[in-house]
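These notes are about the structure you will find just below.
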Amino acid sequence: MDYDFKKTNGGMKRRKAISKSAIYTILTILSICWILPLIWLILQSFGMEPDAPYQSTYGSPDILPSHYTVNWYVKLFTETEFPTWYLNTLIISLACMVLSTFFTLSMAYVMSRFRFKSRKTIQNIGLILGMFPGFMSMVAIYYIFKGIGLAGNVENWKQILALIMVYSGSAALGYYVSKGFFDTVSKSLDEAARIDGATNSQVFRKIMLPLSKPIIVYTALMSFTAPWGDFIFASFILKENSGAYTVAVGLYRWIAMAEIPAQWYNLFAAGAVCVAVPITILFLLLQRYFVEGITGGAVKG
Amino acid sequence: MTGSSNKASRFFANVGNKIAGWFRNFGRSFVGFFRKIPTNLKKFGRKIADGFVRFGRNFAEGDAGVRCSYFIMGSGAFAHGQIVKGLGYLAIELLFILYMAFNGVGSLAGLVTLGTNFTYTYYDVDLGTGIEVNVPGDNSMLFLLYGVVAVIVVFAFIAVYLLNIRSAVANYKDSVIGVKPSTFRQDMQSLFDKKFYILLLVVAFAGVVIFTILPLIFMILIAFTNYDSAHPETSGFTWVGFENFIKLLGSNDLSSTFFPVLGWTIVWAICATFLNYFLGVGLALLINSKGIKGKKIWRLCFVLTIAIPQFVSLLLMRSMLSEFGPIMNLLVQLGFPRTNWFETASSARLIVISVNLWIGIPYSMLITSGILMNIPQDLYESARIDGAGKFKMFRKITLPYILFVTGPYLITQFIGNINNFNVIYLLTGGGPFGELSQGAGSTSLLVTWLYSLTNDTGNYNLASTIGILTFIICSIVSLITYRRSSSTKNEEDFQ
Chain A
106 MDYDFKKTNG
116 GMKRRKAISK
126 SAIYTILTIL
136 SICWILPLIW
146 LILQSFGMEP
156 DAPYQSTYGS
166 PDILPSHYTV
176 NWYVKLFTET
186 EFPTWYLNTL
196 IISLACMVLS
206 TFFTLSMAYV
216 MSRFRFKSRK
226 TIQNIGLILG
236 MFPGFMSMVA
246 IYYIFKGIGL
256 AGNVENWKQI
266 LALIMVYSGS
276 AALGYYVSKG
286 FFDTVSKSLD
296 EAARIDGATN
306 SQVFRKIMLP
316 LSKPIIVYTA
326 LMSFTAPWGD
336 FIFASFILKE
346 NSGAYTVAVG
356 LYRWIAMAEI
366 PAQWYNLFAA
376 GAVCVAVPIT
386 ILFLLLQRYF
396 VEGITGGAVK
406 G
Chain B
388 MTGSSNKASR
398 FFANVGNKIA
408 GWFRNFGRSF
418 VGFFRKIPTN
428 LKKFGRKIAD
438 GFVRFGRNFA
448 EGDAGVRCSY
458 FIMGSGAFAH
468 GQIVKGLGYL
478 AIELLFILYM
488 AFNGVGSLAG
498 LVTLGTNFTY
508 TYYDVDLGTG
518 IEVNVPGDNS
528 MLFLLYGVVA
538 VIVVFAFIAV
548 YLLNIRSAVA
558 NYKDSVIGVK
568 PSTFRQDMQS
578 LFDKKFYILL
588 LVVAFAGVVI
598 FTILPLIFMI
608 LIAFTNYDSA
618 HPETSGFTWV
628 GFENFIKLLG
638 SNDLSSTFFP
648 VLGWTIVWAI
658 CATFLNYFLG
668 VGLALLINSK
678 GIKGKKIWRL
688 CFVLTIAIPQ
698 FVSLLLMRSM
708 LSEFGPIMNL
718 LVQLGFPRTN
728 WFETASSARL
738 IVISVNLWIG
748 IPYSMLITSG
758 ILMNIPQDLY
768 ESARIDGAGK
778 FKMFRKITLP
788 YILFVTGPYL
798 ITQFIGNINN
808 FNVIYLLTGG
818 GPFGELSQGA
828 GSTSLLVTWL
838 YSLTNDTGNY
848 NLASTIGILT
858 FIICSIVSLI
868 TYRRSSSTKN
878 EEDFQ
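So the sequence lines, in the order shown, correspond to chains A and B.
Quick note: to get the working numbering, add 105 to the position in the first sequence (first position is 1).
Quick note: to get the working numbering, add 387 to the position in the second sequence (first position is 1).
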């Protein structure tokens, strides 16, 4: 190693330049690998075969579509159930965002600030519950919903209500990251407020919450995006009731069909773009909070 | 690296010690957990015995209010003027008695029998010869569900009952020393102050009880029944004890599916966790290395895949890699024969792992980038003064630092990957099928197999058994690593 430092200045520079360009090459190749599929998806959503407005490009020997059209998007919003699905998912995720964030933060605040007898027990229960496959309880949940008339052959709004309950019901178990954040907020702040006569609920509302913007945004972002990506729970509860589908279930059904009538493939691409674009923008805007959320928990863990 | 008193080497020693200690504690905590079981059981037993003793003593020593509250809940509250509280207790008692009389006792009995009438068919002679009549039996699923609910109600009632006695005793003791019992208003106020945690916990945990704990108890019980495709809910199923576990773990048709699936699940979880992690760290190091321009742009390229909902990117990858997808088209144009990669086990497995890299690397890249920026720069400074080379600095500062901070993340990732349903199900659906029986394919994980056993074939008992076994695997992994890890031990240090 010592020889490196004795080399001439020019040698050092050349070596650095070589390693730098190697890094640039690797990064370029990798980012092409990561970006290309996304570009291909967007192109597919506009692609069509010449002379046939609804002739799919999927399965044609060309890699890129030969002609472009906006027909798929028009069809998507006028002739399919996609707008309903989109609205369903939006309602579910907005409701989940509010409920889950509230549950998670309440739990995290309790675990961070209060010391009571059953505290460790509840923490251990939380750890244990997290280790069962989430889907395992699904069958029972389905029967519970069936029992109270929210699943099976019922109106769409009831099914949507059921999904909201499933997604946000157990949110309190994900309190760990937020608790890590609350732990970092100095306790002397609460104590000062307590001395001034504030109750614990006032401390929570007026001191903790305003100081916790990053973690609120993180929790809200996570619970808002979850219903857009979840397939397993939604498909199990909704079964064949396509009027209450979320986008994930609906689009999966299309691509599962795509082996046969290929036109669904381009519709899938168009639908996927419609789902991905807003979520991506939201995510990029709030990226800072996301990183803070994950690493915050990790650094403190 | 000679000076022993400088900052950098102290830091190395510190990190080294911590990591070594972590590994030392692996074994110790594992053994410790099992060694502690008898003492914990003893403690638990003593607690219950103490409870009974106190239960009797309170009755013997209490006033009329306390004694009455053993039979009529809320008496202790009435005796000291807490009307609303007393009415609440009384109402709970009445509701419980009504529930038990009309429903609860029957439900508890049903939990034992799971229904006594089984489906049968008979030939109805009156309708004419050869006409078969199907008489549906009891729905065992509902028997089980109502039974579990009844058990939970009973336990909840016992808790409220004990609370009622405790508050009666507290009232009595207060009255002895001349303290006025709290009014209803004060009770409500303390719920927002001293006992604010109870309010928040009840609100947040109610959902957990209904949507996680109750269903899980229910499904765990299913693992001990014969609720499968041959015994659907409508024809009634019964308790079979550990038969399902023996079926899965013993030597027969099922276990010859179970063990390959388990093996692949573990291989998958290791590959998916560690490959993603180390390649992500590598990528972050490349992007963050000195003199590379446009760091934000590079990061953005990779972060995009995190932002896109996973099912979109997975279905996209599936169609790109399919037999008529663009990648195959390109290869055909280059002169390769057209093949379906999803049809052979090895290529399907390779695809699953590499697509998971495509999805997972950006996460670990993003996290590592955040950590890299937080490494105290003076560590590098003093190492440089000591004459450490670049590689040595990386090995001795950067890597230990990253590993140390992301240790817990790695564990959660591992468990997450054991239960990673989406990647497998949306890419291959568990296929290719054929090598294994019982609806499992070459890329099936335990959790996707569980899904197909419930959703496709209705073998709920086996699915539940697999769920329990998965739980056991996960808990062993995390028992070894979590206990004694800094996160649970030193939580007071950060406040």
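The beta carbon of each residue, even a glycine, is placed where N, CA and C say it ideally should be.
Just reading off the alpha helix (DSSP H) that residue i is part of, what are its end residues?
i	result
ASN807(B)	Here ASN807(B) belongs to no alpha helix (DSSP H), and DSSP marks it neither H nor E.
PRO713(B)	713-720
ASP765(B)	764-772
SER456(B)	451-456
ASP615(B)	Element bounds for ASP615(B): n/a, residue is neither H nor E.
PHE571(B)	571-577
SER756(B)	732-761
SER283(A)	281-289
GLY534(B)	527-563
TYR486(B)	470-486
ASN261(A)	261-274
SER824(B)	Looking at the DSSP string, SER824(B) is not in any alpha helix (DSSP H), and its letter there is neither H nor E.
GLU630(B)	630-636
VAL690(B)	682-694
Give me the Cβ distance between residue i and residue j, rounded to the nearest whole Å; I'm assuming they're in contact under 8 Å.
i	j	result
PHE336(A)	LEU813(B)	7 Å
PHE370(B)	GLY818(B)	The structure shown does not extend to residue 370(B), since chain B is modelled only from 388 through 882, so no value can be given for it.
PHE624(B)	ASN613(B)	5 Å
PRO238(A)	ASN848(B)	With a Cβ gap of about 15 Å, PRO238(A) and ASN848(B) do not count as contacting.
VAL308(A)	THR841(B)	With a Cβ gap of about 45 Å, VAL308(A) and THR841(B) do not count as contacting.
VAL690(B)	THR755(B)	13 Å between Cβ atoms; not a contact.
Ignore the nearest five residues each way along the sequence and tell me which others in residue i's own chain have a CB closer than 7 Å to its CB.
i	result
TYR280(A)	THR209, MET212, ALA213, MET216
VAL354(A)	PHE336, ALA339, SER340, LEU343
ALA710(B)	Checking the sequence shown, residue 710(B) turns out to be Glu, not Ala. So the qualifying residues of the chain are ARG725, ASN727.
CYS658(B)	ILE740
PRO647(B)	LEU823
Within 7 Å (strictly less), CB to CB, does residue i reach chain B?
i	result
TYR248(A)	yes
ALA213(A)	no
LEU132(A)	yes
LEU146(A)	yes
TRP369(A)	no
LYS118(A)	no
Determine, using beta carbons only, whether residue i comes closer than 7 Å to chain A.
i	result
ASP450(B)	no
THR852(B)	no
LEU501(B)	no
MET752(B)	no
GLN764(B)	no
ILE772(B)	no
ILE539(B)	no
VAL556(B)	no
SER862(B)	yes
THR857(B)	yes
PRO602(B)	yes
GLY534(B)	no
THR841(B)	yes
Taking 8 Å as the limit between beta carbons, can you name the residues of its chain near residue i, skipping five residues before and five after?
i	result
PHE446(B)	VAL453, ARG454, TYR457
LEU586(B)	LEU578, PHE579
LEU199(A)	PHE329
Looking only at its own chain, which residues have a Cβ that is under 6 Å from the Cβ of residue i, when we skip the five neighbours before and after it?
i	result
TYR178(A)	ALA375
LEU786(B)	none
GLY712(B)	SER706
GLY475(B)	none
Could you run through the stretch 315-343 of chain A and flag, in chain order, every residue whose CB is less than 9 Å away from some CB of chain B? For the stretch 315-343 of chain A, the set of positions with a beta-carbon nearer than 9 Å to some beta-carbon of chain B reads THR330, TRP333, GLY334, ASP335, PHE336, ILE337, SER340, PHE341 in chain order.
Taking only beta carbons into account, state which residues of the stretch 260-276 of chain A come closer than 8 Å to chain B, listed in chain order. For the stretch 260-276 of chain A, residues whose beta-carbon sits nearer than 8 Å to a beta-carbon of chain B comprise MET270, VAL271, SER273, GLY274, SER275, ALA276.
Name the residues in the stretch 656-678 of chain B whose C-beta lies less than 8 Å from a C-beta of chain A; which are they? Sequence-ordered contacts of the stretch 656-678 of chain B with chain A read LEU670, LEU673, ILE674, SER676, GLY678 [C-beta pairs closer than 8 Å].
Residues in the stretch 120-131 of chain A having any Cβ partner in chain B nearer than 8 Å: Cβ contacts with chain B: LYS121, LYS125, ILE128, TYR129, ILE131.
The stretch 615-644 of chain B: positions lying closer than 8 Å to chain A by Cβ: Result list empty, no residue passes.
Between the stretch 585-598 of chain B and chain A, which residues of the former have a C-beta closer than 7 Å to a C-beta of the latter? Taking a C-beta cut-off of 7 Å against chain A, the contacting residues of the stretch 585-598 of chain B are LEU587, LEU588, VAL590, ALA591, PHE592, GLY594, VAL595, ILE597, PHE598, listed in chain order.
Short-range partners of chain B found in the stretch 375-391 of chain A, where Cβ spacing is below 7 Å: Close to chain B, meaning a Cβ-Cβ distance shorter than 7 Å, are the following residues of the stretch 375-391 of chain A: ALA377, VAL380, ALA381, ILE384, THR385, PHE388, LEU389.
With 8 Å as the C-beta to C-beta threshold (strictly closer), list the residues of the stretch 799-814 of chain B near chain A in chain order. Hits within the stretch, in order: ILE802, ASN806, PHE808, ASN809, TYR812, LEU813.
Residues in the stretch 228-246 of chain A with C-beta within 9 Å of chain B's C-beta atoms, listed in sequence order? Using a CB distance below 9 Å, the part of the stretch 228-246 of chain A facing chain B consists of GLN228, ILE230, GLY231, LEU232, ILE233, LEU234, GLY235, MET236, PHE237, PRO238, GLY239, PHE240, MET241, SER242, MET243, VAL244, ALA245, ILE246, ordered along the chain.
Residues of the stretch 708-741 of chain B whose Cβ lies closer than 7 Å to any Cβ of chain A, in chain order: Within the stretch 708-741 of chain B, the qualifying residues are PHE711, PRO713, ASN716, LEU717.
Taking Cβ-Cβ distances below 8 Å as the criterion, which residues of the stretch 694-705 of chain B are in contact with chain A? Residues are counted here when their Cβ sits less than 8 Å from a Cβ of chain A; for the stretch 694-705 of chain B these are ALA694, ILE695, PRO696, GLN697, PHE698, VAL699, SER700, LEU702, LEU703, MET704, ARG705, given in chain order.
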